[in-house]
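First comes the structure, then the notes that go with it.
Laid out in structure tokens, this is it:
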């Protein structure tokens, strides 16, 4: 038991699975579903007046109440609004009896600036991944390098490629994912804009 208490969650996961850090990162990238860039190009932010609850930036404001952000009124939500956004982008039902997304897959924010309406439901800032890997992308996990690799993927897919305009809060993490993981190919939701054009 004492040995377990000496390892953080990532080190324990690597020990149990026999995986290296790079193998865990590749596992995370390979099991992440990104919104198709052309869908994001068409609608960069699904709910442009929505933010997530934040004691720091929306102090004292509860879910479904209004707050002020940069002089504009915004609506405060929990993460279910981001799930709804992902579902609408991907044409998936994220909860309820008609849910068609397996239990254990969670919407993940690539950049944690969810108190900002430009980020909270942005197609370039939300993806879907297994819960057991999602934890390693979060600040409190202490696995910053894995989070930076996810940010690099998001940066390359949406910003470096010119799908969305530059953002002062989004910077290139400086990781060459192609060199590091040459066989990785991003998995995208359907390009619904193609189907709209055909219809």
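Numbering (my numbering), first residue to last: 417 to 615. Note that CB positions come from ideal geometry on N, CA and C, so glycine has one too.
With a CB to CB cut of under 7 Å and the five nearest residues on each side skipped, what residues in its chain are close to residue i?
i	result
residue 453	573, 574, 577 and 579
residue 586	527, 571 and 575
residue 369	The chain is shown only over 417 to 615; residue 369 falls outside these bounds and no answer can be derived.
residue 427	none
residue 481	492
residue 547	520 and 522
residue 456	539, 540, 574, 579 and 580
residue 460	538, 539, 540 and 580
Secondary structure at residue i, three-state DSSP: helix, strand or coil?
i	result
residue 440	helix
residue 524	strand
residue 431	helix
residue 613	With a pLDDT of 34 at residue 613, under the threshold of 50, the modelled position of that residue is not reliable, and the figure given next carries that caveat. Helix, per DSSP.
residue 538	strand
residue 508	coil
residue 420	helix
residue 502	helix
residue 531	coil
residue 513	coil
residue 557	helix
residue 425	helix
residue 574	helix
What are the residues that DSSP puts in a beta bridge with residue i?
i	result
residue 491	466 and 482
residue 545	522
residue 587	BP columns for residue 587 are empty, so no partner.
residue 449	544 and 603
residue 461	538
Need the endpoints of the beta strand (DSSP E) that residue i sits in, please.
i	result
residue 551	No beta strand (DSSP E) contains residue 551, which DSSP labels as neither H nor E.
Spatial neighbours of residue i within its chain, please: CB distance less than 8 Å, with the 5 preceding and 5 following residues excluded, ordered by chain position.
i	result
residue 614	Low local confidence applies: a pLDDT of 32 at residue 614 is under 50, so the model's placement there is unreliable, and no value is given.
residue 399	In the structure displayed, the chain extends from 417 to 615; residue 399 sits before or after that span and is not available.
residue 516	508 and 509
residue 582	575
residue 611	Its pLDDT being 38, under 50, residue 611 is placed unreliably in this model, and the value from its coordinates should be taken loosely. Here the set comprises nothing.
Let's see if you can read the secondary structure: which residues bound the alpha helix (DSSP H) around residue i?
i	result
residue 453	453 to 458
residue 568	560 to 570
residue 596	593 to 596
Below 6 Å CB to CB, which residues in the same chain sit around residue i once its five sequence neighbours on both sides are set aside?
i	result
residue 420	none
residue 598	none
residue 436	none
residue 464	533
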